[in-house]
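Chains as they are written, first to last, in the numbering used here: chain H, 1 to 294; chain V, 1001 to 1329. All residues carry an ideal CB built from backbone N, CA and C; glycine is no exception. Quantities reported herein were computed from a predicted structural model and do not represent experimental measurements.
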Amino acid sequence: MNPQPLNLSTAVAERFARLKERPVILDVRALSKAFYSGGAVHHALDRISFQVHRREFTCVLGPSGCGKSTLIRTIAGLESPTSGEILLDGHPVKGPGPDRGMVFQGYTLFPWLTVKKNVMFGLQMSGQASSIAESEAREWIALVGLSKFENSYPHQLSGGMKQRVAIARALANRPRILLMDEPFGALDAQTRFQMQAYLLQIWKNLDVTILFITHDLDEAVYLSDRILVLGSDPSRVAEWIENPVPRPRNRSQFDSPEFKATRSRLENLIHPQREEVVEQSPIPRMTTVGDDVE
Amino acid sequence: MPFVPVPVGFSGVIVCFSFLIPILLWSAVSYLPVIWHPLVKITDASKVPYFKPDMLVEKKTFALENEKLRLAGIPPASGIPANPVFLPAPHEVVEAMYRSFITPPRRNGEPWLHESLWHSIRIIFWGFFWSSLFGVPLGILCGTFPLFARLGEPVVDFIRYMPAPVFGALAVAVMGIYDGPKIAIIFIGTFFQQVLVVANTTRKLDPSLVEAAQTLGAGRLQILFKVVLPGISTDLYNDMRILLGWAWTYLIVAEYIGASSGITYFINQQAKYRIYDNVFAAILIIGVIGFASDRLLDSLGRHLFPWKSPRSVGVGKQDSADDSERACP
């Protein structure tokens, strides 16, 4: 792997230098994961190694079916690795735990609990007195701007609101790292923009490290410090990209040269053979197709 | 969204019609002499030796006897068209419903209707209680832990196919002739279905809720009590409502076993005395009790589970809010 770095401005380059001096929170070492089904072996992850520093915002990008979800689920402890290891603050990860908060793509709020009780859930699991848990939960709910809805049930909320509660619920445990598995994938474009801006705000104001999975190139460039690009089948680290777009981020940067350069770099990495594939599988013309469709 | 939705505000009217239609049919057969009425009820016997007032005779016999009287120059017997004794008219049944509660039993020691009913309800209650006491926890265990499922479900599935009544003779031999074997039959009829149904309901719980709880630091017992139990509670509640309906169907078999008792005994006695209005009254009362208790459990469910209206079976189904939520996430 010999990445040609994108041109970084001095300010951005200095920022990355500082970032790399921070302590390593997550250290993934030669992680492999294979699934066995009916004698066949499917290698989902093949010797993946990378490090995430404190307060870094890392995006993991890859073609669909490349094992992004498997990677984040293994880090969360929901899957066990076939080989390799995951260190969190230098300690090996064994099974799921509250030090790694997770926000799923689907809505995983507990439907029988109100917003407040959902956010209190993790705190109560760790044995917090419910009065303390309640006042802390209120603060987290205020942070995601849902104080008015603290006594609502999840089915009364919109998709974006549900994901905000899910973020508050994960953050309430004060995790070392926040794992996000395509959290905005099911939202409409408008809400997704809002949620991305929201997430950047939260990240700026809290001491939180984020590992964010997405298949949306714009989302990855807009949010991340660094982007881990995975190749597919089995997935390896294809490239580690240092995002040259300066912070603070805003939507007008979408047209900036850095943004476009990064985006096209990602495009080439993820969809290199797209046109050939189309030509290889021509769609037969149906005899009943008329001439009125251009 | 159903293909042809019920017009808004009409669902209550339609529920009424669901009862009104059979009642209208029954009334038509009972009150319109042109429909069916295969018999003649004698009002004036004239000179036919074996005719008596209020006697029911075949139309053919009636015509034959009148023909004989006409030839002899005697005025004919008269009568009105009637239905057989086993099809009483609606008003007779309503009357009987009321009367059967205030009429003392024919023989000393026979139970009143309300005593018979109460006895039946007690049998159902205890059978269902014991079944649920063991069946629900076992079902949840099987649904949660694959080990228990492998261990328990095959044998339960095997026994489930044995009809509960075949255990009747055995139950009498072991538990005597009174309530014991009857409760046992309800238990056997309910328990094995219950384990499998509850296990299935537990397995249907969204696994990502369990995973979310794990990433929030919940341990195994916490997941069982704080996630699995509340997560399945609405579906479990509906399962229990349906299973309670099954328990009622086993009641009639159970009450034949050993010393016949309860509502079944009452119905059999009334049929022996040929008081069919009472038979119909008792059957309808069973229906009323079943329907009323199901409605009661349904509305109770709405209060127990404010986050979700439980899917009701048929009547009064109004969970459109729930559906639209699922349609547009």
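Chain V contact residues for residue i, given Cβ-Cβ distances below 9 Å
{"i": "alanine 76 of chain H", "result": "Glu1211, Gln1214 and Thr1215"}
{"i": "serine 130 of chain H", "result": "Correct list: empty, because the minimum Cβ distance to chain V is about 13 Å."}
{"i": "arginine 176 of chain H", "result": "By Cβ distance, chain V contributes nothing, its closest Cβ being about 13 Å from arginine 176 of chain H, past 9 Å."}
{"i": "methionine 125 of chain H", "result": "Ala1213, Leu1216, Gly1217, Ala1218, Gly1219, Gln1222 and Lys1226"}
{"i": "arginine 169 of chain H", "result": "Ala1212 and Leu1216"}
{"i": "glycine 101 of chain H", "result": "Thr1215 and Leu1216"}
Span of the beta strand (DSSP E) around residue i
{"i": "glycine 84 of chain H", "result": "83-88"}
{"i": "threonine 209 of chain H", "result": "209-214"}
{"i": "alanine 375 of chain H", "result": "Only positions 1 to 294 of chain H appear in the structure, and residue 375 of chain H is not among them; the question remains open."}
{"i": "tyrosine 36 of chain H", "result": "24-37"}
{"i": "valine 1008 of chain V", "result": "Counting along the chain, valine 1008 of chain V falls outside any beta strand (DSSP E), and DSSP gives it neither H nor E."}
{"i": "leucine 61 of chain H", "result": "57-61"}
{"i": "leucine 217 of chain H", "result": "Note, leucine 217 of chain H: premise wrong, no beta strand (DSSP E); alpha helix (DSSP H) at 217-223."}
{"i": "alanine 44 of chain H", "result": "40-53"}
Under 8 Å from the C-beta of residue i: neighbouring residues of chain V
{"i": "proline 295 of chain H", "result": "The structure shown has nothing for residue 295 of chain H, since chain H only spans 1 to 294."}
{"i": "asparagine 173 of chain H", "result": "Leu1216 and Gly1217"}
Nearest candidate by alpha-carbon position, reference residue i, set the options
{"i": "methionine 195 of chain H", "options": "H:Ala166, H:Arg138 and H:Asn173", "result": "H:Ala166"}
{"i": "glycine 159 of chain H", "options": "H:Asp27, H:Leu230 and H:Phe184", "result": "H:Phe184"}
{"i": "methionine 180 of chain H", "options": "H:His215, H:Ser152 and H:Thr191", "result": "H:His215"}
{"i": "tyrosine 153 of chain H", "options": "H:Cys59, H:Val60 and H:Val119", "result": "H:Val119"}
{"i": "glycine 1189 of chain V", "options": "V:Met1175, V:Pro1207, V:Asn1200 and V:Asp1157", "result": "V:Asp1157"}
{"i": "arginine 1099 of chain V", "options": "V:Tyr1050, V:Leu1020, V:Val1279 and V:Leu1296", "result": "V:Val1279"}
{"i": "arginine 174 of chain H", "options": "H:Trp203, H:Phe104, H:Arg226 and H:Val237", "result": "H:Trp203"}
{"i": "glycine 1109 of chain V", "options": "V:Gly1301, V:Ser1261 and V:Trp1036", "result": "V:Ser1261"}
{"i": "proline 1081 of chain V", "options": "V:Leu1032, V:Ala1149 and V:Ile1177", "result": "V:Leu1032"}
{"i": "aspartate 1239 of chain V", "options": "V:Ala1164, V:Gly1135, V:Pro1306 and V:Pro1181", "result": "V:Gly1135"}
{"i": "phenylalanine 1167 of chain V", "options": "V:Glu1058, V:Ile1257 and V:Arg1295", "result": "V:Ile1257"}
{"i": "tryptophan 1307 of chain V", "options": "H:Asn151, H:Arg251 and H:Asp188", "result": "H:Asn151"}
{"i": "arginine 192 of chain H", "options": "H:Gly67, H:Lys162 and H:Val24", "result": "H:Lys162"}
{"i": "proline 1330 of chain V", "options": "V:Ala1254, V:Pro1137, V:Leu1209 and V:Arg1106", "result": "Any question about residue 1330 of chain V goes unanswered here, given that chain V covers just 1001 to 1329."}
{"i": "aspartate 1044 of chain V", "options": "V:Glu1065, V:Phe1101 and V:Leu1221", "result": "V:Glu1065"}
Bounding residues of the alpha helix (DSSP H) (the contiguous stretch that carries residue i)
{"i": "arginine 1203 of chain V", "result": "1179-1203"}
{"i": "glutamate 1211 of chain V", "result": "1207-1215"}
{"i": "lysine 1272 of chain V", "result": "1262-1272"}
{"i": "lysine 162 of chain H", "result": "159-172"}
{"i": "glutamate 1255 of chain V", "result": "1229-1256"}
{"i": "leucine 1300 of chain V", "result": "1276-1304"}
{"i": "leucine 179 of chain H", "result": "Looking at the DSSP string, leucine 179 of chain H is not in any alpha helix (DSSP H); the run it does join, the beta strand (DSSP E), is 177-181."}
{"i": "leucine 200 of chain H", "result": "189-205"}
{"i": "phenylalanine 1225 of chain V", "result": "Unbroken run through phenylalanine 1225 of chain V: none, as it is neither H nor E."}
{"i": "phenylalanine 16 of chain H", "result": "10-21"}
{"i": "lysine 68 of chain H", "result": "68-76"}
Contacts of residue i in chain V (Cβ-Cβ under 7 Å)
{"i": "threonine 191 of chain H", "result": "Under the 7 Å cutoff, chain V gives no residues; its nearest Cβ is about 11 Å from threonine 191 of chain H."}
{"i": "arginine 164 of chain H", "result": "What arginine 164 of chain H touches in chain V: nothing, since even the nearest Cβ is about 15 Å away."}
{"i": "asparagine 151 of chain H", "result": "Under the 7 Å cutoff, chain V gives no residues; its nearest Cβ is about 11 Å from asparagine 151 of chain H."}
{"i": "phenylalanine 121 of chain H", "result": "Leu1216"}
8 Å Cβ cut-off: residues of chain H touching residue i
{"i": "valine 1227 of chain V", "result": "Phe110"}
{"i": "serine 1131 of chain V", "result": "None at all; the shortest Cβ gap to chain H is about 26 Å."}
Amino acids of chain H, ordered along the chain, whose beta-carbon sits closer than 9 Å to that of residue i
{"i": "proline 1146 of chain V", "result": "Per Cβ cutoff of 9 Å: no residues; proline 1146 of chain V is ~17 Å from chain H at best."}
{"i": "lysine 1308 of chain V", "result": "Pro111, Trp112, Tyr153 and His155"}
{"i": "proline 1137 of chain V", "result": "Ordered by position in chain H, no residue passes the 9 Å Cβ test against proline 1137 of chain V, which lies about 20 Å from the chain."}
Within chain C, the residues that residue i reaches when beta carbons sit closer than 9 Å
{"i": "methionine 195 of chain H", "result": "Note that chain C does not occur in the displayed structure, where the protein chains are H and V."}
Cross-chain neighbours of residue i in chain H, by beta carbon under 7 Å
{"i": "serine 1208 of chain V", "result": "Phe104, Gly106 and Thr108"}
{"i": "proline 1081 of chain V", "result": "In chain order: nothing, as chain H lies at least about 60 Å away."}
> Is the number of C-beta pairs between the segment 114-122 of chain H and the segment 136-151 of chain H that are closer than 8 Å three or more?
Replying inline: yes
> Enumerated in chain order, which unbroken segments of the alpha helix (DSSP H) with a length of 4 residues or greater are wholly contained in the segment 1032-1078 of chain V?
Replying inline: 1059-1071
> What are the start and end residues of each continuous beta strand (DSSP E) run of 3 or more residues lying completely inside the segment 1078-1123 of chain V, in chain order?
Replying inline: 1078-1082
>> Assess contact between the segment 1083-1093 of chain V and the segment 1215-1233 of chain V, defined as three or more Cβ pairs (one per stretch) separated by less than 8 Å. Is contact present?
In response: no
> Are three or more beta carbon pairs between the segment 94-111 of chain H and the segment 1214-1224 of chain V nearer than 8 Å?
Replying inline: yes
> Taking contact to mean at least 3 C-beta pairs separated by less than 8 Å, is the segment 1281-1289 of chain V in contact with the segment 1239-1247 of chain V?
Replying inline: no
> Enumerated in chain order, which unbroken segments of the alpha helix (DSSP H) with a length of 4 residues or greater are wholly contained in the segment 1140-1171 of chain V?
Replying inline: 1146-1160
> Counting only runs that start and end within the segment 89-145 of chain H, where is the beta strand (DSSP E) found for 3 or more residues in a row?
Replying inline: 100-103
> Do the segment 1250-1268 of chain V and the segment 1113-1122 of chain V meet, that is, are 3 or more Cβ pairs less than 8 Å apart?
Replying inline: yes
> In chain order, which beta strand (DSSP E) runs of at least 3 residues are fully inside the segment 231-265 of chain H?
Replying inline: 237-242
> For the 8 Å Cβ check, are there 3 or more pairs between the segment 215-231 of chain H and the segment 241-256 of chain H?
Replying inline: yes
> Counting pairs of beta carbons, one from the segment 44-57 of chain H and one from the segment 16-34 of chain H, are three or more of them closer than 8 Å?
Replying inline: yes
>> For the pair the segment 1124-1143 of chain V and the segment 1182-1199 of chain V, tell me if three or more CB-CB distances fall below 8 Å.
In response: yes
> Between the segment 22-42 of chain H and the segment 253-272 of chain H, do three or more beta carbon pairs fall short of 8 Å?
Replying inline: no
>> I'd like to know if the segment 124-141 of chain H and the segment 73-81 of chain H are in contact, where contact means that at least 3 CB-CB pairs between them fall below 8 Å.
In response: no
>> I want to know whether the segment 1166-1183 of chain V touches the segment 1192-1204 of chain V - three or more CB-CB distances under 8 Å.
In response: no
> Is it true that the segment 78-97 of chain H meets the segment 228-238 of chain H, where meeting means three or more beta-carbon pairs spaced less than 8 Å apart?
Replying inline: no
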